[in-house]
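There are 2 protein chains.
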Amino acid sequence: MPPDDKRTMGLRERKKAKTMAAVQMHALRLFRELGYNATTVEQIAEAAEISPSTFFRYFSTKEDVLLRDNYDPVLVDAFEAQPSHLSPLQAVRQAMVSAIADMSADELTTMRERNELIMTVPELRAASLNSLTQTMQLIAELAAKRTGREPDDAAVRTFAGAVIGVNISVMLYYAEHPDADFAGLLDEALSKLEAGLPL
Amino acid sequence: MPPDDKRTMGLRERKKAKTMAAVQMHALRLFRELGYNATTVEQIAEAAEISPSTFFRYFSTKEDVLLRDNYDPVLVDAFEAQPSHLSPLQAVRQAMVSAIADMSADELTTMRERNELIMTVPELRAASLNSLTQTMQLIAELAAKRTGREPDDAAVRTFAGAVIGVNISVMLYYAEHPDADFAGLLDEALSKLEAGLPL
DNA sequence: ATGTCTTTTGATAGTTACTGTCAAATTATA
DNA sequence: TATAATTTGACAGTAACTATCAAAAGACAT
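Going line by line, the protein sequences match chains A and B.
Using the working numbering, read the first sequence as starting at 2 and increasing by one per residue.
Using the working numbering, read the second sequence as starting at 2 and increasing by one per residue.
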């Protein structure tokens, strides 16, 4: 048996993907309509026409339904596609900017709305920041590979920490200024890091 | 009536402070003995000889019992005590290092144990990172005041983000390497920021 | 199509963090 | 010592999760 892919394989898989997307959609809608805390898992389940049990089979927590989308693979691809003459910082900067540039208008809108919700609701923000530590580790690994160092090298860890920190500050600012240009904010901020944080 | 201080004012206040400290102590002990999730609020309350209701009157959440200690005021004092010829980054660096240097051996031990627990348990880590956004805002305000800019100036926000990010990476590393020198790690990391993240 | 095997689902019951309310107990004050 | 203010504990309730198990639905061989 070859691994697994046979025309998006099976009715089962397709159905699962569809319910999962439906649940996420209804959840986002309800959160925006009623507020995150005022929305119960039961309501989400009902709206998506599944049982509460099934909700937790798809998403391990209530937060997870919003946070599941993982941009890490996109970032990895974009980073590794950067020409090798760029410094790690320049490569990260370019990777992030171009990853955003590749997104459709719909994706950008959803991302903005999600970011607004996440950064606004303490519980969501906490969970989201927590998952950023994984991304931080990822960035450390990418930078390590590119420079031939170890991922737990002090310079590499510091680099990853600074990049993530800058991202956090941009995400927080963007939540309060939804009309700003996200990619532009990120680009500007990372360029300041490159310049040694002039003040 | 002058604000409030009359020999640490009243029996009530003293008693409250004592129970609060007792609860935190028992909580930390139980968390280390049984694990965070396996310890119930009821157990903590029983150990500290209070009712569960009272626990939640002192601490708004189970996490809060560990995360309550707030080093922000210490940081503010240390920062503002730095000579004005230092750059904001140098001032933060010095402030953090000297704040740690001023701690007693006991305080350092407790801090190490707490950090280990917090960075290890996902729920605690999430809540802790969330509260770091407040510290980030604080650092932005301090840097703004020192440079005569606005706290939401792009350079100021980026500065605060980078500083917090570096702190996160150090805290994570320190949790896995408890024998390392925390102040030293922080000092080294912040110096790399100053140098423009050489890699 | 039919029967069989595997995976997915929903119902049910239980735990625990957390909230609100109220009367009893404790401390401050006159 | 009497009275007012504050703190506490008991009780009841909500909602996020977990575990279990039988029923439903998709996969697959004949």
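Beta carbons: idealized from backbone N, C-alpha and C, even for Gly.
Which bits of chain B does residue i rub up against, with CB to CB less than 8 Å?
i         : result
Val-164/A : Gly-166
Asn-131/A : Pro-123, Arg-126, Ala-127 and Leu-130
Quick one: using the 10 Å Cβ neighbour count with 16 as the cut-off for buried, is residue i buried or exposed?
i         : result
Leu-35/A  : exposed
Gly-185/A : exposed
Glu-108/B : exposed
Pro-89/A  : buried
Arg-126/B : buried
His-178/A : exposed
Ala-96/A  : buried
Thr-110/B : exposed
Ala-79/B  : buried
Ala-28/B  : buried
Ala-106/B : exposed
Ala-196/B : exposed
Ala-181/A : exposed
In angstroms, rounded to a whole number, what distance separates the CA positions of residue i and residue j?
i         : j         : result
Ala-18/B  : Ser-170/B : 33 Å
Pro-4/B   : Arg-15/B  : The pLDDT assigned to Pro-4/B is 35, lower than 50, so where the model puts this residue is not dependable, and the model offers no usable value.
Val-42/A  : Glu-124/A : 15 Å
Ala-128/B : Ala-176/A : 19 Å
Asn-38/A  : Glu-64/B  : 18 Å
Asp-73/B  : Ile-51/A  : 46 Å
Arg-13/B  : Thr-20/B  : 11 Å
Val-1/A   : Arg-113/A : Outside the displayed span of chain A (2 to 200) sits residue 1/A, for which this structure offers no information.
Arg-94/B  : Phe-160/B : 12 Å
Ala-163/B : Leu-198/B : 11 Å
Asn-116/A : Gln-91/B  : 33 Å
Arg-55/B  : Arg-30/B  : Per the sequence shown, the amino acid found at residue 55/B is Thr instead of Arg. Going from the Cα of Thr-55/B to the Cα of Arg-30/B covers about 19 Å.
Met-2/B   : Gly-11/B  : For Met-2/B, the pLDDT reaches just 29, beneath the cut-off of 50, and the residue's location in the model is therefore unreliable, although a value from the coordinates is still provided. Their Cα atoms are separated by approximately 15 Å.
Asp-70/B  : Gln-83/A  : 44 Å
Thr-121/B : Arg-158/B : 28 Å
Phe-32/A  : Ala-49/A  : 14 Å
Leu-187/A : Val-98/A  : 7 Å
Ala-145/A : Leu-130/A : 22 Å
Phe-183/A : Leu-194/A : 17 Å
Thr-148/A : Leu-200/B : 7 Å
Leu-87/B  : Ile-101/B : 19 Å
Leu-76/A  : Ile-45/B  : 43 Å
Thr-40/A  : Met-104/B : 45 Å
Ala-1/B   : Gln-138/B : The structure shown has nothing for residue 1/B, since chain B only spans 2 to 200.
In the DSSP assignment, the alpha helix (DSSP H) including residue i goes from what residue to what residue?
i         : result
Gly-36/B  : It is not in any alpha helix (DSSP H) - Gly-36/B carries neither H nor E in the DSSP assignment.
Pro-179/A : First-last for Pro-179/A: undefined, no H or E at that position.
Pro-199/B : Where Pro-199/B is concerned, there is no enclosing alpha helix (DSSP H), given that its DSSP letter is neither H nor E.
Ser-61/B  : Unbroken run through Ser-61/B: none, as it is neither H nor E.
Asn-116/B : 106-121
Pro-89/A  : 89-102
Gln-44/B  : 42-48
Pro-74/B  : 73-81
List the residues of chain A whose Cβ lies closer than 8 Å to the Cβ of residue i, in chain order.
i         : result
Ile-169/B : Thr-134, Met-137, Gly-162, Ile-165 and Gly-166
Met-81/B  : The sequence as given places Glu at residue 81/B; Met does not occur at that position. Under the 8 Å cutoff, chain A gives no residues; its nearest Cβ is about 16 Å from Glu-81/B.
Output, in chain order, the set of chain A residues within a Cβ distance shorter than 9 Å of residue i.
i         : result
Lys-193/B : Ala-155, Ala-156, Thr-159, Phe-160 and Ala-163
Thr-148/B : Leu-200
Note down, in chain order, every chain B residue with its Cβ under 9 Å from the Cβ of residue i.
i         : result
Leu-90/A  : Gly-197, Leu-198 and Leu-200
Ala-144/A : Leu-200
List the residues of chain B that residue i touches, going by C-beta distances under 7 Å, in chain order.
i         : result
Glu-189/A : Ala-155
Leu-173/A : Thr-134
At 7 Å on the CB atoms, spell out the chain A contacts of residue i, in chain order.
i        : result
Leu-29/B : Residues of chain A passing the Cβ test: none, with the nearest at roughly 21 Å.
*Say whether the region 57-74 of chain A touches the region 147-162 of chain A, bearing in mind that this needs 3 or more beta-carbon pairs closer than 8 Å, one atom from each stretch.*
no
*asked:* So, does the region 165-182 of chain B touch the region 123-137 of chain A, judging by three or more C-beta pairs under 8 Å?
replied: yes
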